[in-house]
Each structure stands twice: as structure tokens, then as C-alpha cells.
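Participant:
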Amino acid sequence: MNSATPQPSDLEIAQSATLRPIADVAADLQLGPDDWEPYGRDVAKLELSVLDREPDGPPARYVLVTAVTPTPLGEGKTTTAVGLVQALGLRGRRPVLTLRQPSQGPTFGIKGGAAGGGWSQVVPMERMNLHLTGDMHAVTAAHNLLAAVVDNHLHQGNRLGLDLREITWRRVLDINDRALRNIVIGLGERVDGVPRQTGFDITAASEVMTVLALARSLQDLRVRLGRIVVGFTAGGEPISADDLGVAGAMAVLLKDALRPNLMQTLEGQPVLVHAGPFGNIATGNSSVIADLIASTRADYVVTEAGFGSDMGAERFFDVKCRASGLAPDAAVVVTTIRSMKSQSGRHRIVPGKPLPAEMLDDRPDEVRAGAANLAAHIDILRRFGVQPVVAINVFPTDHPGEVAEVVRLCAEMDVVAAPSTHVRDGGKGALALADAVEQACEQPSTFVPLYGVGTPSRDALSRIATEVYGADGIDLAPAAERQMDRYQRLGWGDLPVCVAKTHLSLSHDPALKGAPRGWRLPVREVKACTGAGYLYAVCGEMRLMPGLPSHPAAERIDLADDGSVVGLF
């Protein structure tokens, strides 16, 4: 497509596509009719029995797509991952893409969906961004069933002695709604329950979602759900879903949701869409089960992790790979000219507003000024022993000299950088990237997690802060110290750690650009996700229920007279 030709909207491109029969897409994964169940014409649910089969060949090459510190607009990890898979298909390889399911919060809010963009999308994009096969709703139902049982337990006499001030289990909803962040329940008559303060988080932030993403089987799912802690007694003893007798019912609600969803790219390659943990307080990665299935049925498995390498990639390495047993062969760092200029600290990007006009000028000096952030993310991947490749997601407004400057800077760092025009050109626009990834996968992998099994959680947290973020150390608030002491007493003191922080900086402070030095990571509180199997440390103010902007995307979405969706990106 000529760069001067106006490009149709993502939705128009997706709706004009001729999709392959889903049976043919399944056949690419060596799956027969008994291995999947159709959900309409273009989506299928895979059977978990596929996991039990012996692989027919060597395991696939495993490639992670991550990014630099993003602007609030995102830098195009998903569309780059799709473009890469399409390019590998053009090279005659058998690739498969594994992605998270988008949350409806961003879809109806400001950021948009997560099906890719332009000529590098997962289709049908309306299905992917709106309901899909109902997995999000199953997570919502299972989570809220546990919440309802907690409050019923209080109403029925509180036999287990839950301390109302120590109940940690809130409710969830897959819609941005700031009015539900803090609420009081149980008002009314005595039969209406025990009054107490609680609130709602977005479904993607639910521990149940992370359990779904990390479970390896139905049995593993059931065990993990039973371990979920909803609160503590006055004496500090944890109360779990198994203590309340509800974990089995939760597993029943999630039985079908544990099966990955099969879709396809615009160019017909298989895509497994499964689970959708939040990117800055949870793991931010798609499911272990999808990757395990894909790894035995393809040449290349490409997966994407949320936000920058300090966020989703670190959790991919230290949490997801630990759960799956898989080891990455290479990693793609997505960067853009606008992200490089943003990290120079000379511009302010506001979600929902056009880029500052001066950012569109030809300014290689600003690209150089922002290069420290790219270098830091490259160093993070090398710290894990993973070979990095830089993908430059090229926009029509980018100047050739600016793109060439990124290539030159990467060459100085001894990293291959491939400009990619996959949004405009589909797989053809990512052929150079595909070639670079293949070459990186041929190099010996020396992958090693940042810390080993059994490492004390305090030490793991300190290593993440200093070796990944570049901090001088950590500062635990008194509440966080008490919580860590409690978890040590309960036998949780060596769980992996997930850090909840802003995605807009390598630090906890979104105002600190580039690769900041001379700072310490403040930890406000530490929460236990015993079902998922990790602790998460909260740094700064984290909103688990986003709000809507003044003009949310929902205002532009509608139905045409023929019933088709309009206004969805």
C-alpha cells in the first residue's frame, strides 16, 4: 500500500478480510476435528487433551515481544507481534502467535483494543475485543462468587472469625468505572448483609485471571483457586477459598475458560488468545497452556508481554517461564520514534490528544537524547541471557533520518535494529524483522531467571529494583515491613515477586524519563496472591479500576443498519 494513500480504519480493514476456514487454521497446528469446538464460524475452543500428546518434532523457537517504556498511546507491541508472525509465514515457517484477551475497559475507554492494527491484526477483531468466547465473564463470575460467599459467611455468623478490617477480596467488573473504586455494601435491613467498606477492581486485575493464565491443567487450576486468600482473622491467620468451601464451584465456572481460543491473523496464521492479566499489577502475559500447546505444534511461537521489558518481560522471565518450564530463544524490543523523543523529556504526551506538533519535526537529536531508555531495556534482556532484536515500528510521520539514527544507535550497542512497516504493509513490511529474529534464535540461549527458586522475597524485590529498574535500593514503608514479616511467618517468604508500579517510567515515578539513576524504590504495601503463587509489591498510587475519559471510545461505537459494528478503532 502506498504511504500516500489514506489507510482505512482498523475495523474497515478487518471487516474486508476474507478469513480462512477455522478448520484449516486448526490443521496448521496439527489439530483434527476432535481437538477443537467451534464458537461461530471464525473462532474455536481447543480441547485440553491436546496437551497430553507427544510432540511430533522438536520444540518451537520461543520469541518474546516486549518494548521500551511506552508513551500513554502504546508503541505497538501487539501489531508488531502480528506482523512478525505474518512475515515468518511468508518465509515459509510455521509460526503461531499467543496473545492476551483484551479487556473491555480500554476498548470502551481511551487506549483501544488489543487485536493489532492496520494490516497486522487478529481477526475477527470485533470478536476479539468484545466478549470473544466469554472467558472474561467467567473470570468475573468466579471472582464475584467468592466475594459473595465471603459476605454471606459474615452474615451467617462468621464462623471462621474473619476480621472485617482484614478482608482483602474485592469485587471485579470488566468495565472502566471509577465510581465503584470505593463503596459501602450491606446497607439496608438486617437481612441485606453486614455493612462494610469494599470496592471494585477491573477483571483483568483479578487474581483469578492470573491463576487462569498460570495454571497448567484443570487440577492445577482447582488447587490454585483453593489457595486464594480472601482475608485474615484477628489473630492474623489466613482464610482461603478452600476454607470457605467455594473453590470447587469457582473451578466449574472456569472449566471452559481454561481452554485457549483459536483465531487467525489477517494473513491466516494461527493465533491462540487466552487470559488477560493486567500489565502493571499482575503478570501481563497470556496463558501458560496456550504456549505449551503452541510449542509442540509450530516452528516459532511468538508471544507478547504487557508494557515495557521492566514490566511484562521481567514477569514473563521470572514468573511465567518458571510456571511453564519453557525458555525463550530471543526477544524483540519494540520502539518508535515518538517513544524515543518522549524519553528525551522534551515533550508531554496526553492520552486522547494529538501529539505535540513539534514532535513531528525531523529532530534526530531528540532521538539520541532518548536513547538511554532503549539502551536500558536492551540491557534488561541481556541480564536474563536473552538475545535482543530491536523492531522500529515506523509511522508515516517518521523521518528517514530519525529511523536511520535509531539503526545507528543500535549498531553501537551491538544490536540488530529492523525498521518495520507491518501496519501499512502487513507481513511484507516485517520481513527484515523476521530475518533478524531467525538469526537471533540461531544463537545459543543462556536464559536464566533473575533469582532462583527459594530466594527470599525481600531479596528478589531488591534485585528487581536494582538490576532491572536501576534503583539504588528499596525502601519498605512500615506497613510493607509488617506484611512481609507476616508472610514470612505464614511460609510465603520465598514466593516470587511482582512489582506494581507505573509503566510510564523505569522508576516508580512517571515523570522520571530515560534511564534514571540516583533514586530508591518506595514500597507502600505488599499483597499476597497465594493462588497465583507470588507476592506483589505496590509502589506509588496504583488504580486497579480505571476511569473513563471525558469522551470515551464508547461514544463512537454503534451498529449499522445491517447489524455490523462501526466506530471500533
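Each residue of the sequence shown is one higher than the one before, counting from -2 in the numbering used here. Glycine included, C-beta positions come from ideal geometry on N, C-alpha and C.
1) Could you give the DSSP three-state label for ILE461: helix, strand or coil?
2) Using DSSP with H/G/I as helix, E/B as strand and the rest coil, what is ARG380?
3) Is the beta carbon of VAL270 closer than 8 Å to that of SER321?
4) Classify VAL364 as helix, strand or coil using the three-state DSSP reduction.
5) Below 8 Å on the Cβ atoms is my contact criterion, and I expect VAL79 with GLY106 to pass it. Report the Cβ-Cβ distance as a whole number of Å.
6) Candidates ARG455, ASN282, TRP116: which alpha carbon is nearest THR77's?
7) Considering only C-alpha positions, which residue in the set ASP491, GLU123, ASN390, SER339 is nearest to ALA368?
8) For LYS567, list the residues DSSP reports as bridge partners.
9) ARG455: buried (16+ other C-beta within 10 angstroms of its C-beta) or exposed?
10) Under 8 Å, Cβ to Cβ, is there at least one residue of chain E near ASP362?
11) Which residue comes first and which comes last in the alpha helix (DSSP H) that contains THR137?
12) With contact counted as at least three CB pairs below 8 Å, one residue from each stretch, are the segment 457 to 468 and the segment 396 to 412 in contact?
13) Does ARG193 come out as helix, strand or coil in the three-state DSSP assignment?
14) Starting from MET260 and walking both ways along the beta strand (DSSP E), at which residues does that stretch end?
15) Beta-carbon within less than 8 Å of PRO192's beta-carbon, same chain only, minus the 5 sequence neighbours each way: which residues are those?
16) Can you check which of these residues, GLY196, GLN216, SER292, ILE225, is closest to THR207 by C-alpha distance?
17) For PRO513, I'd like the list of residues in its chain whose CB is within less than 6 Å of its CB, leaving aside the five on either flank, ordered along the chain.
18) Suppose contacts are defined by Cβ-Cβ distances below 8 Å. Is GLY102 in contact with ASP171 by that definition?
19) Is ALA497 helix, strand or coil by DSSP?
20) Pick from GLY196, ALA138, ARG345, HIS152: whose alpha carbon is nearest that of GLU186?
21) If ARG168 sits next to ALA144, beta carbons under 8 Å apart, how far is it from one beta carbon to the other, in whole angstroms?
22) Starting from ALA41, follow its DSSP beta bridges and name the residues at the other end.
23) Check ARG335 in the structure and name its three-state DSSP category.
24) Taking the beta strand (DSSP E) that PRO385 belongs to, which residues open and close that run?
25) Do GLY86 and GLY424 have their C-beta atoms closer together than 8 Å?
26) SER417 lies in the alpha helix (DSSP H); which residues open and close that run?
27) Would the segment 324 to 343 count as touching the segment 388 to 400 if we require 3 or more Cβ pairs under 8 Å?
28) Could you check how far apart the C-beta atoms of GLN384 and ALA437 are, in whole angstroms? I think they sit under 8 Å.
29) Keeping to the same chain, check which residues put their C-beta closer than 8 Å to that of ARG345; ignore five residues upstream and five downstream.
30) Have a look at HIS128, LEU43, SER6 and flag the residue whose alpha-carbon is nearest the alpha-carbon of ALA291.
31) Might you give, ordered along the chain, the residues of its own chain that have their beta carbon closer than 6 Å to the beta carbon of ASP25, omitting 5 neighbours on each side?
32) Rank TYR531, VAL535, LEU16 by C-alpha distance to the C-alpha of LEU211 and give the top, closest one.
33) Could you say which of SER13, ALA111, ARG90, LEU545 lies nearest to GLY349 if we only look at CA atoms?
34) Can you tell me the Cα-Cα spacing of PHE566 and ASP559, whole angstroms?
35) Among ASP469, LEU371, ARG221, which residue has its Cα nearest to the Cα of VAL65?
36) Have a look at LEU323 and SER237 and give me their C-alpha separation to the nearest angstrom.
Facilitator: If we stick to the structure as given:
1) Here residue 461 is taken as the residue at index 464 of the sequence shown, counted from 1. ILE461 falls in the helix class under three-state DSSP.
2) Taking the sequence shown and counting its residues from 1, the one referred to as residue 380 is at position 383. Judged by DSSP in its simplified three-state form, ARG380 adopts helix.
3) As a first step, residue 321 must be located in the sequence shown, where it is residue number 324. As a first step, residue 270 must be located in the sequence shown, where it is residue number 273. No.
4) In the sequence shown, counting from the first residue as 1, residue 364 sits at position 367. Helix.
5) Walking along the sequence shown from the start, residue 79 turns up at place 82. Walking along the sequence shown from the start, residue 106 turns up at place 109. About 22 Å separates the two Cβ atoms, so there is no contact after all.
6) In the sequence shown, the residue the question calls residue 77 occupies position 80. When only C-alpha atoms are compared, the closest one is TRP116.
7) Residue numbering aside, residue 368 sits at position 371 when the sequence shown is read from its first letter. Here the closest residue by C-alpha is SER339.
8) Since the displayed the chain opens at -2 and closes at 566, residue 567 lies outside it and no answer follows.
9) Residue 455 sits at position 458 when you count from the first residue of the sequence shown. By the 10 Å Cβ count, ARG455 comes out buried.
10) Structure shown: chain E not included; a single protein chain is present.
11) Within the sequence shown, the letter at position 140 stands for residue 137. Per DSSP, THR137 belongs to the alpha helix (DSSP H) from 132 to 152.
12) Judged by Cβ distances under 8 Å, the segment 457 to 468 makes no contact with the segment 396 to 412, as fewer than three pairs qualify.
13) Here residue 193 refers to the residue found at position 196 when the sequence shown is read from its first residue. If DSSP states are grouped into helix, strand and coil, ARG193 belongs with the strands.
14) In the sequence shown, residue 260 corresponds to position 263, counting from 1. Its beta strand (DSSP E) spans residues 258 to 262.
15) As a first step, residue 192 must be located in the sequence shown, where it is residue number 195. Cβ neighbours of PRO192 beyond the five flanking positions: VAL181, ILE182, GLY183, LEU184.
16) Walking along the sequence shown from the start, residue 207 turns up at place 210. Checking every option, the nearest Cα to that of THR207 belongs to ILE225.
17) For the purposes of this step, residue 513 is identified with residue 516 of the sequence shown, where counting begins at 1. Taken in chain order, the residues that qualify are SER504.
18) Start at 1 with the first residue of the sequence shown, and residue 102 comes out as number 105. Start at 1 with the first residue of the sequence shown, and residue 171 comes out as number 174. Result yes, Cβ atoms of GLY102 and ASP171 sit closer than 8 Å.
19) Indexing the sequence shown from 1 puts residue 497 at position 500. Here ALA497 sits in strand by DSSP.
20) Start at 1 with the first residue of the sequence shown, and residue 186 comes out as number 189. The shortest Cα separation from GLU186 among GLY196, ALA138, ARG345, HIS152 belongs to HIS152.
21) Within the sequence shown, the letter at position 171 stands for residue 168. Within the sequence shown, the letter at position 147 stands for residue 144. Contact between ARG168 and ALA144 is confirmed by a C-beta separation of about 5 Å, below the 8 Å threshold.
22) The residue you call residue 41 lines up with position 44 of the sequence shown. Answer is PRO35, LEU259.
23) Within the sequence shown, numbered from 1, the residue matching residue 335 stands at position 338. ARG335 falls in the helix class under three-state DSSP.
24) Here the question's residue 385 lines up with position 388 in the sequence shown. First-last of the beta strand (DSSP E) with PRO385: 385 to 390.
25) Taking the sequence shown and counting its residues from 1, the one referred to as residue 86 is at position 89. Taking the sequence shown and counting its residues from 1, the one referred to as residue 424 is at position 427. Against a cut-off of 8 Å, the Cβ pair of GLY424 and GLY86 comes out as a contact.
26) For the purposes of this step, residue 417 is taken as residue 420 along the sequence shown, with counting starting at 1. Unbroken run through SER417 is the beta strand (DSSP E), 414 to 417; no alpha helix (DSSP H).
27) yes
28) Locating residue 384 in the sequence shown gives position 387, counting from the first residue. Locating residue 437 in the sequence shown gives position 440, counting from the first residue. Correct: roughly 4 Å between the Cβ atoms.
29) Sequence index remark: in the sequence shown, residue 345 carries index 348 (1-based). Within the same chain, PRO353 come within 8 Å of ARG345 by CB-CB distance, once the 5 residues on both sides are set aside.
30) Within the sequence shown, residue 291 is the residue found at index 294, counting from 1. The option with the nearest alpha carbon to ALA291 is LEU43.
31) In the sequence shown, the residue the question calls residue 25 occupies position 28. Excluding sequence neighbours, ASP25 sits near PRO267.
32) Reading the sequence shown from its first residue, position 214 is the one you call residue 211. With distances taken between Cα atoms, LEU211 lies closest to TYR531.
33) Taking the sequence shown and counting its residues from 1, the one referred to as residue 349 is at position 352. The candidate whose alpha carbon is nearest that of GLY349 is LEU545.
34) Residue numbering aside, residue 566 sits at position 569 when the sequence shown is read from its first letter. Residue numbering aside, residue 559 sits at position 562 when the sequence shown is read from its first letter. Those two C-alpha atoms are separated by around 19 Å.
35) Taking the sequence shown and counting its residues from 1, the one referred to as residue 65 is at position 68. That would be LEU371, whose Cα lies nearest to the Cα of VAL65.
36) The count along the sequence shown starts at 1 and reaches residue 323 at position 326. The count along the sequence shown starts at 1 and reaches residue 237 at position 240. LEU323 and SER237: Cα-Cα distance of roughly 30 Å.
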